[in-house]
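Protein chains in written order, with our numbering: chain E, 1 to 733; chain L, 1 to 733. Just so you know, even glycine gets a beta-carbon here, dropped at the ideal spot from N, CA and C. Everything numeric in this text was worked out from a predicted model, so none of it was measured.
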């Protein structure tokens with residue numbers, strides 16, 4: 001049964017194939033160094049596409065580019081986070097850490113770091129984008145500091161600002177801004193996290209006294225996981241079902257004092273400490289419950305719904321559902337800032353791992369004396385370089401999100417559509433960046449071996465702190481489901497009047513006009529009309545249009561397929577419809593993830609192709625490096641989903657194999673630029689603060705080398721047993 | 001350009017296809033419930049394969065089965081770990097935690113828990129397998145306790161036992177066993193972890209005084225990350241280059257006293273505390289360095305190499321390389337016990353997440369009052385059920401590893417070949433199980449939302465502690481590379497005399513006799529002669545032979561391909577050969593991973609098919625459940641590597657799509673058995689110790705339901721705004 005083949009030939013030609021393939025890829029990479037010379041619009045240098053550009057990174061200019069629109073705010077914040085008194089000290093007790101971070105909040109107030117988003121009439125700056133940019137940078141000092149200030153000013157304060165009206169602003173904001181009134185954001189309950197609409201706490205209006213009665217009807221309705229609740233909070237914004245005249249108007253927010261000057265709970269209020277957590281232990285998370293606690297009618301934050309003295313309810317938004325989502329939507333900034341902070345943490349992780357990987361040596365390869373630097377190993381490149389590419393993609397995508405956020409909240413571009421787009425964009429990007437940060441921190445920690453496990457090298461602490469980013473401010477899977485619902489409703493709205501069967505295949509079969517996911521999120525109008533369903537050459541893979549085509553096609557096809565599968569739901573009972581949806585839940589979420597990945601890819605591509613501002617100022621060498629990095633990101637996504645492309649006939653098996661080879665070569669090409677690419681993140685030793693990323697390892701390597709060299713030169717080096725065994729034999733001969 | 005097709009038909013038939021596919025899968029699953037009736041050899045019930053067996057789990061019997069050969073030892077250890085004084089307390093300071101764990105070590109001594117592996121002449125039991133089984137269970141009390149006792153008796157003590165001879169046993173072991181002499185295992189250096197052969201510490205023999213001089217020549221040669229080194233260790237086994245008569249005989253182990261009775265370092269010895277770590281903070285890891293420290297000649301642990309008074313060196317093993325690997329090989333038990341402890345941690349994680357997922361409700365689906373239990377969501381099943389399947393696979397695989405370990409160390413089956421097989425098996429399984437534990441703990445933590453982040457629910461603490469398991473006792477990637485090298489050398493040895501080109505394709509093209517990876521590791525003789533290169537039906541996928549074929553084929557093909565690519569290395573310079581190896585490093589490691597996955601799959605399959613002992617006693621219902629679980633594991637592996645199967649023509653696109661559908665349905669089928677499957681792990685509340693896995697959530701849900709029901713029944717429930725708005729309209733009509 002054993003097959004005998006003409007082996008020399010078959011074996012030889014296979015290796016020849018490999019070599020041809022590899023050569024083709026290298027030549028394509030050279031080609032990309034030529035076409036990457038993409039000058040600004042109207043620049044006549046465009047003609048000379050045959051010049052080979054030497055790939056090199058202009059670290060300073062790229063660094064400036066990465067700082068983005070709010071560069072000055074970020075630089076100011078980094079000056080602050082460079083101060084030891086704002087930085088985390090490992091090994092503090094729970095109480096010490098909590099007190100330290102609380103004290104740091106006061107330092108932030110003193111330094112004017114946290115009032116940017118508030119009205120200028122109250123001493124703020126009405127600067128919404130800058131405010132978030134500044135907050136995000138705090139993560140490098142101590143994530144507890146970032147999140148605790150986020151609780152105070154981004155949640156508690158922002159709820160008063162965005163859900164309250166003039167009375168609340170004037171009455172409550174000054175104390176919140178100055179930290180005289182530390183407060184909790186009491187939304188989540190033990191029994192309800194992501195499903196906010198179902199919380200159990202009630203706020204029942206009592207006409208007789210013109211008060212609301214805040215009440216916790218059962219244990220599951222205790223407010224839980226609230227920062228500032230265990231110790232420091234003296235007030236809270238409490239979310240509760242507003243009931244007046246026996247009608248439940250849904251979830252509204254109320255300003256509720258919690259503790260007196262001595263720190264004791266006010267009558268009717270109780271709570272518990274959440275105790276030690278997996279991270280973020282500088283924050284005093286805790287539980288709260290209310291036993292018929294009375295607050296004045298005016299403490300209802302009444303921007304979107306109000307109760308008159310007589311108990312009648314009024315709202316500017318008629319639909320209870322839309323009203324609820326509008327209220328929640330004002331709090332989107334939490335997700336925006338987690339997205340940015342996650343990117344910052346990934347940058348720190350890679351700065352540490354790449355620096356160490358460039359210094360640390362292990363195992364000799366081809367020499368008896370010199371060991372290889374870790375980053376010269378293919379596997380080490382494979383572990384770190386794609387993470388670097390994704391971090392750049394996430395960084396550029398975050399800048400777009402932050403810009404969108406600023407446009408909406410500054411009022412520059414604030415329609416319902418804009419708000420929905422912003423929320424969907426945040427819901428798409430936050431899951432990817434928070435998971436990416438965890439994956440990157442873990443890979444970096446493992447890539448640094450035992451040293452990575454020491455607290456002094458930062459990685460484990462950052463990972464522990466960022467762990468919860470994946471589930472707070474919206475569980476990542478729930479957020480992706482929101483995105484998917486938006487994609488599906490965009491899809492069906494766009495084709496509401498067309499025959500559905502056509503539409504289910506619309507995105508699959510059409511060759512241009514791919515605008516399915518476009519509503520506000522991203523215009524996918526650009527497609528390649530003459531691009532077939534199977535990529536035909538290695539070269540096509542590195543073409544941006546080809547990557548876009550492959551990534552876009554996948555999103556559109558998945559959305560169309562899911563839409564077709566869910567179509568019968570409209571004719572089913574509520575229960576059966578829910579079952580049908582559940583039967584496709586994984587696909588739905590996978591479609592959302594694909595969409596979010598595409599958004600990151602588009603942001604990266606726009607950043608390279610940008611023809612104005614700093615982008616236009618990027619030199620050709622930097623553009624080559626960035627283009628390779630973008631290709632590594634794009635082809636990495638295609639590689640990750642390779643089975644899909646193969647099953648759906650989008651890539652031939654042969655082309656599919658080229659994808660993996662391509663990303664491997666890209667990683668190798670980018671390897672000499674790794675250190676520059678992390679230097680461009682702009683974090684100095686005062687932000688990185690990892691013993692293994694200080695050059696100490698290099699110094700140790702040098703000392704060891706010098707020792708062995710001196711030993712050899714002086715003739716005092718012992719000979720190896722093997723050499724000693726040979727010697728007499730040689731002598732005999 | 002828009003394609004118009006007969007939509008009703010095309011849409012309709014697509015859904016019909018889906019339905020047919022789904023029905024086919026369900027029917028296959030029913031079929032597996034029939035054929036799963038696999039009785040013991042010679043059992044006449046075999047005939048009645050048409051009876052449908054009701055899938056149900058005999059928790060008690062399955063639990064007994066999972067306990068394995070050393071069930072009694074495990075149960076005794078679990079009784080011990082149920083005692084609060086042996087359990088971790090969260091939030092202790094570094095010093096408190098270290099002292100507590102040190103105290104717990106004494107309790108273990110008092111309870112006779114840790115001497116099983118030592119000679120009966122010294123009060124031990126010569127029970128090697130049982131010893132490891134007992135150690136592994138300690139992880140549920142506190143991973144620091146497991147690892148700290150591992151350092152004392154599994155590394156420090158085991159080095160004296162296995163590398164020393166009678167003098168050392170009699171002189172040093174009693175103090176080690178009683179913990180009178182806590183000690184460090186000083187192998188790793190700051191500059192060298194995985195590459196032990198390259199350590200810098202020297203032990204130079206001085207004929208004049210008949211002493212060895214232990215010396216640290218440079219900073220990179222400081223011993224590092226050593227448990228017991230920072231505080232408690234009064235002695236150490238130090239690994240150093242043995243130099244005598246100007247010849248370096250390579251790495252040997254020496255018994256070196258470290259501290260005096262006051263805890264102060266002895267002259268010439270210094271050190272540093274490694275400080276806080278990402279986890280395992282109950283262990284005092286630290287650094288040591290030696291400045292010309294003199295120890296008696298007799299302190300060389302001389303089982304495999306000795307120096308006579310006159311400085312002449314003698315060894316029973318002539319080759320320095322083989323001698324080195326033999327010495328290291330005696331310390332394989334660290335890897336074995338990490339494998340087992342990781343499995344135990346994954347079991348705890350799933351017990352918590354499944355229990356909570358079965359109680360916690362979120363979002364209504366199809367009803368206005370009842371929310372869904374988390375585990376009823378498809379995505380939640382998809383997140384947890386495959387992890388459950390892998391945990392079972394890893395558990396059965398570990399039992400095989402432990403048995404192999406016991407056979408070798410008890411001397412029952414202790415050839416060079418056996419030792420090599422044991423080392424390769426440990427190197428294959430430890431990476432997979434340690435990573436699996438981390439992935440499972442993380443998925444469980446996220447699946448429990450904010451509650452998962454609280455220390456009181458155990459998941460974050462366990463994850464933090466187990467993090468380093470991925471890189472200590474052999475970095476996972478380095479271990480997989482060892483496995484790959486073994487696979488490659490087995491491959492080339494087997495075909496040493498055959499023409500290589502044929503052989504490169506041997507495994508790919510032959511239809512039977514697949515024994516490539518068989519050398520001692522696992523006999524892959526069983527193949528399906530008439531099984532084509534493309535699976536032809538859904539039914540074939542759930543056939544064990546088909547799964548084995550697909551998994552085996554992948555390992556063999558990858559090994560053969562890599563071997564072909566590396567073949568030119570023998571004709572290249574050392575440097576070029578290393579470069580060639582590096583160019584294929586990722587593939588090499590991927591082949592090893594595939595091999596390890598196959599080993600897990602085979603272990604799972606053997607556990608189901610076992611015809612003797614407890615396996616034979618498993619009832620048919622349990623066997624059905626286990627078979628589904630094994631299929632989920634096997635098909636899950638194929639799904640994970642689907643791109644490979646497609647690119648290499650092993651699965652058609654259509655069949656490939658069926659794989660994903662199949663694993664989804666399997667998860668759904670297994671969902672009702674999830675609680676039983678975690679109960680069978682046998683960990684009680686005293687081991688699980690997670691607030692959310694105590695039934696508290698269920699009680700909260702019940703209370704909330706009762707509250708709403710009572711409100712509805714009494715007519716005091718407020719009506720929703722939507723309902724209130726409809727009411728007047730209805731009245732008007």
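When 7 Å is used as the limit between beta carbons, residue 225 of chain E is near these residues of chain L: 450, in chain order.
When rounded, the separation of the alpha-carbon atoms in residue 697 of chain E and residue 81 of chain E is 25 Å.
Taking C-beta atoms under 8 Å as the contact rule, residue 447 of chain E and residue 346 of chain E fail to qualify, at a distance of about 14 Å. For residue 90 of chain L, the closest Cβ of chain E is nearer than 8 Å.
Scanning its chain for C-beta atoms nearer than 8 Å, with the 5 sequence neighbours on each side dropped, one finds around residue 405 of chain L the residues 128, 129, 132, 332, 333, 336, 422 and 426, in chain order. Closer than 8 Å to the CB of residue 440 of chain L there is not a single CB belonging to chain E. Nearest in C-alpha terms to residue 30 of chain E, of all of E/685, E/621, E/656 and E/558, is E/621.
Taking CB atoms only, residue 429 of chain L has no neighbour in chain E less than 8 Å away. DSSP places residue 356 of chain L in no beta strand (DSSP E) but in the uninterrupted alpha helix (DSSP H) bounded by 333–357.
Taking C-alpha positions only, residue 189 of chain L is separated from residue 675 of chain E by approximately 26 Å. For residue 259 of chain L, the secondary structure class from DSSP, reduced to helix, strand or coil, is strand. In this model, residue 493 of chain E and residue 556 of chain E are separated by some 15 Å (Cα to Cα). Residue 387 of chain L is not bridged by DSSP to any residue. When secondary structure is reduced to three states using DSSP, residue 185 of chain L falls in the strand class. The criterion of a C-beta distance shorter than 8 Å is satisfied by residue 280 of chain E and residue 143 of chain E. The C-beta separation of residue 660 of chain E from residue 551 of chain E comes to about 17 Å, leaving the pair out of contact by the 8 Å criterion. DSSP, reduced to helix, strand and coil, places residue 244 of chain E within a strand of the structure shown. Taking 8 Å as the CB threshold, residue 555 of chain E stays off the interface with chain L. For a Cβ distance threshold of 8 Å, nothing in chain E lies close to residue 100 of chain L: the least Cβ distance comes to about 15 Å. Residues of chain L with a Cβ closer than 7 Å to the Cβ of residue 219 of chain E are, in chain order, 700 and 703. As a beta-bridge residue in DSSP terms, residue 287 of chain L pairs with L/272. Counting only runs of 4+ residues, the alpha helix (DSSP H) found wholly inside the stretch 584–668 of chain E occupies 585–609, 613–617, 620–640 and 642–647, in chain order. In chain order, 90, 91 and 455 make up the part of chain L whose C-beta sits under 7 Å from the C-beta of residue 276 of chain E. The way I'd put it, the stretch 99–109 of chain L does touch the stretch 67–86 of chain L; three or more beta-carbon pairs between them come closer than 8 Å. Within the same chain, Cβ atoms closer than 7 Å to the Cβ of residue 225 of chain L are found at 188, 274 and 285, the five residues on either side in sequence being excluded.
When Cβ-Cβ separations below 8 Å define contact, residue 722 of chain L makes contact with chain E. Assignment of residue 377 of chain L by DSSP, reduced to helix, strand and coil, places it in the coil class.
For residue 131 of chain E, no CB of chain L lies under 8 Å from its own CB, so it is not counted at the interface with that chain.
Here residue 662 of chain E is buried. Its C-beta has 16 or more other C-beta atoms within 10 Å. With a beta-carbon spacing of about 6 Å, residue 438 of chain E and residue 463 of chain E fall inside the 8 Å limit used to define contacts. Going by DSSP, residue 173 of chain E is part of the alpha helix (DSSP H) stretching over 166–178.
Secondary structure note for residue 293 of chain E: its beta strand (DSSP E) is the uninterrupted segment 293–296.
Interface residue (Cβ-Cβ distance to chain E less than 8 Å): residue 398 of chain L is not classified as such. Among the CB atoms of chain L, none fall inside 8 Å of the CB of residue 128 of chain E.
At a beta-carbon threshold of 7 Å, the residues of chain L lying near residue 250 of chain E are 721, ordered along the chain. With a threshold of 8 Å between beta carbons, residue 647 of chain E makes contact with chain L.
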